[in-house]
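In this note's numbering, the protein residues as written are 735 to 848.
Right, here's the structure in full:
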């Protein structure tokens, strides 16, 4: 049993070392400094300064940037009409992409004709 726990701990450390997170920025929010994942302390170890420093760094809240303009309003009426005609249990990724493409093509033809 102890060997199983040691193996699980080794696998968890390998998982944390190989974990590659991709930062996707959100429009209107400031960049948040990257925080490296800190594994939880094991019961036999004492907490060092690294654990407290990681919490202090990541404690800042994100605020909306004053120099960025809000996103322009988007007309989603046709997309919503198409999506509302299909039952919720039948919705799939290709269907959502099709509805989005139809909305964009409608918007594009309206812009070109004007």
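Glycine is no exception: its CB is placed at the ideal position from the N, C-alpha and C atoms.
Distance from the CA atom of residue 746 to the CA atom of residue 756, rounded to whole angstroms, is 20 Å. In the DSSP assignment, residue 751 falls within the unbroken alpha helix (DSSP H) covering 736 to 752. Between residue 812 and residue 836 the beta-carbon gap is near 7 Å, inside 8 Å, which marks them as a contact. Per DSSP, reduced to three states, the secondary structure at residue 810 is coil, with no helix or strand assignment.
Residue 833 is positioned such that its CB atom lies no closer than 8 Å to that of residue 847.
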